[in-house]
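In the working numbering, the protein residues as written are 5 to 207. We put the CB at the ideal spot given by N, CA and C, even for glycine. Notes follow the structure.
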Amino acid sequence: MSSAEQPNWVSVQDYLSRERTSPVKSEYIDGWVRAMTGASSRHNRVKLNCLVKLSVLLEDHPCQPYDSDTKLKIDHADQKLFYYPDAQVVCQSTDPQAVFQERPVLIIEVLSPSTRRHDLDEKMEAYLSIQTLECYIVLEQHQPIALVLRRTSDGFARETVQGTHSRIELPFLGCSLRMADIYKGIEFTDTCVQEPDPQYSQL
């Protein structure tokens, strides 16, 4: 989703209370609230494709996917953070009564012009600090390109997966995501490109 920052500092308790009744979802960055605005149809199609495929692949699996209505709570660098990933897979779910998850093994974000900086910088740093996380996938919405960050014994290794003929292996879940499934229904034409070709900084 796109985002718009709100300048008023709020406590975690106030934030969670507001989120229960607010018609607009907001992320929480250690006291600062960032409202989430509507995403493009293309963004939502890519996100939904991922969730539908993961739901099928993990139908009888103890790990289950959650959509962007589910908050993710992160404690990172003495900061309290709450985000709404486009998709996350959780194997050790938080209490069913909780309004957030804390232990994802997979997080997926679809890039938008207004969220690219957050997804590739602020959120990436926070996500990679999660001890249970095995993989973070960042998807372009106008090109079949995925930035994949996988946990290794030496930290997270970066891989770029391109083309609808490729697939993203998820060995920790015993399955893989085909790029053709992720981008099903998406037309890749010059008129669809609204951003420069992606440039990813080194970890």
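Simplified DSSP state of residue i, which is helix, strand or coil
| i | result |
| --- | --- |
| residue 17 | helix |
| residue 134 | coil |
| residue 75 | strand |
| residue 4 | Within the shown structure, residues of the chain are numbered from 5 to 207, placing residue 4 beyond reach of any answer. |
| residue 210 | Not covered by the structure: residue 210. The range shown for the chain is 5 to 207. |
| residue 197 | Only weak support exists for where residue 197 lies, its pLDDT of 49 falling under 50; the coordinates are left without a value. |
| residue 30 | strand |
Cα-Cα separation, residue i to residue j
| i | j | result |
| --- | --- | --- |
| residue 112 | residue 175 | 16 Å |
| residue 45 | residue 126 | 25 Å |
| residue 5 | residue 31 | Residue placement at residue 5 is poorly supported in this model, since its pLDDT is 43, which falls under 50; the coordinates are not used for a value here. |
| residue 108 | residue 177 | 12 Å |
| residue 36 | residue 119 | 16 Å |
| residue 147 | residue 54 | 15 Å |
| residue 139 | residue 102 | 24 Å |
| residue 237 | residue 91 | Outside the shown range of the chain, which is 5 to 207, sits residue 237, and nothing can be said about it. |
| residue 208 | residue 136 | Nothing can be reported for residue 208: it is not among the residues displayed for the chain, which extend from 5 to 207. |
| residue 23 | residue 95 | 25 Å |
| residue 191 | residue 15 | 43 Å |
| residue 158 | residue 110 | 18 Å |
| residue 201 | residue 188 | Legend: pLDDT at residue 201 = 49, less than 50; position of this residue unreliable, value from coordinates given subsequently. Their backbone Cα atoms lie some 21 Å apart in a straight line. |
Residues bridged to residue i [DSSP beta-bridge criterion]
| i | result |
| --- | --- |
| residue 140 | 111 and 153 |
| residue 66 | In DSSP, residue 66 forms no bridge with anything. |
| residue 159 | 156 |
Cβ-based burial, residue i [other Cβ within 10 Å; buried from 16]
| i | result |
| --- | --- |
| residue 169 | exposed |
| residue 89 | buried |
| residue 129 | exposed |
| residue 60 | exposed |
| residue 4 | With the chain running from 5 to 207 in the structure shown, residue 4 is simply not present. |
| residue 56 | exposed |
| residue 38 | buried |
| residue 154 | buried |
| residue 43 | buried |
| residue 81 | exposed |
Integer Cβ distance of residue i from residue j, believed to fall under 8 Å
| i | j | result |
| --- | --- | --- |
| residue 160 | residue 132 | 6 Å |
| residue 115 | residue 145 | 6 Å |
| residue 58 | residue 93 | 6 Å |
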